[in-house]
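Q: For the sequence shown, the residue numbers in the numbering used here are 33 to 340.
This is the structure I have questions about; it appears just below.
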Amino acid sequence: MTPLTVFVFYLYSPLIPARGDSMNIAIIGLGEVGRCYAAPLIQAGHEVSLCEAHVSPAAATLASKAGLEIHDRPGAWLAEIDFVLSCVTGTTSLPVLRDVLPHVRPGTTIADFTTASPSVKREGAALAFTAGVAYVDTAIMGAISLNLVRTPLLASGAGAKQLKAMLENAGGRVQVIAEGKAGDAISLKILRSVFTKGMEALCVELLMSAEKQGVRAELYEQLSDIDQTPLRSFMDMLVRTHVLHAKRRAHEVHDAQNELISQGLESVVLPGVERRFADTAQALDRKALPSPDPTVDQAVEWLLASRC
Numbered sequence: 033m034t035p036l037t038v039f040v041f042y043l044y045s046p047l048i049p050a051r052g053d054s055m056n057i058a059i060i061g062l063g064e065v066g067r068c069y070a071a072p073l074i075q076a077g078h079e080v081s082l083c084e085a086h087v088s089p090a091a092a093t094l095a096s097k098a099g100l101e102i103h104d105r106p107g108a109w110l111a112e113i114d115f116v117l118s119c120v121t122g123t124t125s126l127p128v129l130r131d132v133l134p135h136v137r138p139g140t141t142i143a144d145f146t147t148a149s150p151s152v153k154r155e156g157a158a159l160a161f162t163a164g165v166a167y168v169d170t171a172i173m174g175a176i177s178l179n180l181v182r183t184p185l186l187a188s189g190a191g192a193k194q195l196k197a198m199l200e201n202a203g204g205r206v207q208v209i210a211e212g213k214a215g216d217a218i219s220l221k222i223l224r225s226v227f228t229k230g231m232e233a234l235c236v237e238l239l240m241s242a243e244k245q246g247v248r249a250e251l252y253e254q255l256s257d258i259d260q261t262p263l264r265s266f267m268d269m270l271v272r273t274h275v276l277h278a279k280r281r282a283h284e285v286h287d288a289q290n291e292l293i294s295q296g297l298e299s300v301v302l303p304g305v306e307r308r309f310a311d312t313a314q315a316l317d318r319k320a321l322p323s324p325d326p327t328v329d330q331a332v333e334w335l336l337a338s339r340c
């Protein structure tokens, strides 16, 4: 079934609980994320409670079809809840957590699906620990609107394995970070974004320039060797050789910028790239490398020590 078909099925089919271990689950925040998980969890046989301060028409429709009321705030109704899914915005992650904790019993698990920063999620985990509550840092690693309950999740912290079991029973996909702490999942999501969004911006400039010069098809061929290299090996090679050749490459970046300018395509990416190389080049004048042929571990440690 297509994602749209799955959504319509969950939203409008009779919500008959499936057999299995039933849990009491509260979903706080009925935006796109909260609504995505409500119907599948009901279908899996769980008792679901809903909470939203500002109820949208979509949330009202979902609640009506499921025969559920929507609480407008955390309260005594949370006393028998086993799992809380916090699906609010990142800015309200801690305020909502503080509102929830006085009402849940020790042993409850709270999964924070928000985009709050790693430091906020670590603070949330500490507050939960003090209350005897497990806290799962849960990072959404795809587009909920496209994959709905099948959207990959990355989870870390106390209760992550329990979250995986519960959601996968409802059709979800959860990867648990082994020995991971709260903050690790969202950190990896952000780092992934640094990589993908940086590559996206660079590819936009690259393909515009190639197209303007009439060599876009040939460019793909010239990059085919990179396509044959495992990503980890390629990334490690770039960092290892960066600390060796930053000075020369800084000049190459400068020349590449001038070429784009001559095409009427002044780069917004390459000035930052040039600064990165220039900072490393200056660090090389201040501090010697640990080896003439450093490993990636040595290169990263040297870069951090040099504050590049």
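The C-beta atom is built at its ideal place from N, Cα and C for all residues, glycine as well.
Decide if Lys-153 is buried, meaning its Cβ has at least 16 other Cβ atoms within 10 Å, or exposed.
A: Result: buried.
Q: Expressed to the nearest angstrom, what Euclidean distance is found between the alpha-carbon atoms of Val-271 and Glu-298?
A: Going from the Cα of Val-271 to the Cα of Glu-298 covers about 26 Å.
Q: Which residue comes first and which comes last in the alpha helix (DSSP H) that contains Asp-329?
A: 328–337 is the extent of the alpha helix (DSSP H) around Asp-329.
Q: Compute the beta-carbon to beta-carbon distance between Ile-57 and Gly-66, rounded to the nearest angstrom, for a pair I have assumed lies under 8 Å.
A: Incorrect: roughly 11 Å between the Cβ atoms, too far for contact.
Q: Please report how far the alpha carbon of Leu-73 lies from the alpha carbon of Ala-143, in whole angstroms.
A: One C-alpha to the other measures close to 14 Å.
Q: Going by DSSP, name the residue or residues bridged to Phe-115.
A: BP columns for Phe-115 point to Ile-57 and Thr-141.
Q: Can you tell me whether DSSP reads Thr-4 as helix, strand or coil?
A: Summary: the structure shown does not reach residue 4, with the chain confined to residues 33 through 340, and so no result is reported for it.
Q: Check whether the segment 249–257 touches the segment 269–288, counting contact only when three or more Cβ pairs, one atom from each stretch, lie closer than 8 Å.
A: The segment 249–257 vs the segment 269–288: no contact.
Q: On the DSSP letters alone, give me the boundaries of the beta strand (DSSP E) that Glu-79 sits inside.
A: Segment 79–83, the beta strand (DSSP E) holding Glu-79.
Q: Out of Pro-127, Thr-261, Pro-138 and Gly-212, state which residue places its alpha-carbon closest to the alpha-carbon of Asp-114.
A: That would be Pro-138, whose Cα lies nearest to the Cα of Asp-114.
Q: So who's on the other strand from Ile-172, going by DSSP bridges?
A: Leu-185, per the DSSP bridge assignment.
Q: Helix, strand or coil, according to DSSP, for Ala-197 in the structure here?
A: Ala-197 falls in the helix class under three-state DSSP.
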